[in-house]
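Enquirer:
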Amino acid sequence: MLSKPLYGWTDFQLEGTSVYGLSYLDDIAFEWMDQAIRGLETLRPFCVAGFLEPHRMLCTVSYWNCHIVVEYDGRRPLKEGDLVNEYSHTSMLEFCKFLYEDVSRYIDEWASFVDYCEEDLEEKKRRLRQKLQRLKELIAEKEENFGENRCFL
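Here you go:
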């Protein structure tokens, strides 16, 4: 879902969608993990975002699907052609699993993705590990909610 961060950029793609190059203007791992944790805790849809420079990508993660919107991030109302819509049959649980795997695999790179030399990278890694642990717990806890013919109680 997310490629290895390199020089302040990462690629994002879900099954059946385009590839979106996201920049360091958003601290993807931290921001997306916060949203995913909140979404799984409440079993409510959530939204993650990334800056494409100059466009913005928004991904609404619902129970059974993801809806991606890319819009012009200028200082004017949208015009026809400024908006892209794509859908992926990626469930909330699948999205969270992908996020967990991708951030875990490249934790050093994600800790330094947004690095202005003002933060201790070891401290950022520690905080990221805490978020990963919480996300892992929630994935295990909520797995039964995403089985076939399940409802959200």
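Going by my numbering, the first residue of the sequence shown is number -6, and it counts up by one from there. We treat Cβ as the ideally placed atom computed from N, Cα and C, and that holds for glycine.
Quick one: measure Cβ to Cβ for serine -4 and aspartate 4, integer angstroms, because I've assumed they're closer than 8 Å.
Expert: Contact holds; Cβ gap of about 4 Å.
Enquirer: Cα separation between tryptophan 2 and tyrosine 99?
Expert: The alpha-carbon atoms of tryptophan 2 and tyrosine 99 are separated by roughly 13 Å.
Enquirer: Which one of Gln126, Phe106, Glu137 has the shortest CA to CA distance from aspartate 19?
Expert: The shortest C-alpha separation from aspartate 19 is found at Phe106.
Enquirer: Along the chain, where does the alpha helix (DSSP H) containing glutamate 112 start, and where does it finish?
Expert: Element bounds for glutamate 112: n/a, residue is neither H nor E.
Enquirer: Round the Cβ separation of glycine 140 and methionine 85 to the nearest angstrom and send it over; I've been treating them as touching at under 8 Å.
Expert: Actually they are not in contact, since the Cβ atoms of glycine 140 and methionine 85 sit about 13 Å apart, beyond 8 Å.
Enquirer: Assuming leucine 7 contacts cysteine 40 under a Cβ cut-off of 8 Å, what Cβ separation, rounded to an integer in Å, is found between them?
Expert: With a Cβ gap of about 14 Å, leucine 7 and cysteine 40 do not count as contacting.
Enquirer: Please state whether the Cβ-Cβ distance between tyrosine 0 and leucine 45 is less than 8 Å.
Expert: No, these two residues do not count as a Cβ contact at 8 Å.
Enquirer: If we ignore side chains and look at the alpha-carbon of each, how far apart do glutamate 79 and glutamine 126 end up?
Expert: Rounded to whole angstroms, glutamate 79 to glutamine 126 spans 31 Å at the Cα level.
Enquirer: Quick one: Cα of leucine 146 to Cα of isoleucine 132, how far?
Expert: Residue placement at leucine 146 is poorly supported in this model, since its pLDDT is 47, which falls under 50; the coordinates still yield a value, given next. Their Cα atoms are separated by approximately 16 Å.
Enquirer: Valine 63 lies in the beta strand (DSSP E); which residues open and close that run?
Expert: Where valine 63 is concerned, the enclosing beta strand (DSSP E) stretches over 59 to 65.
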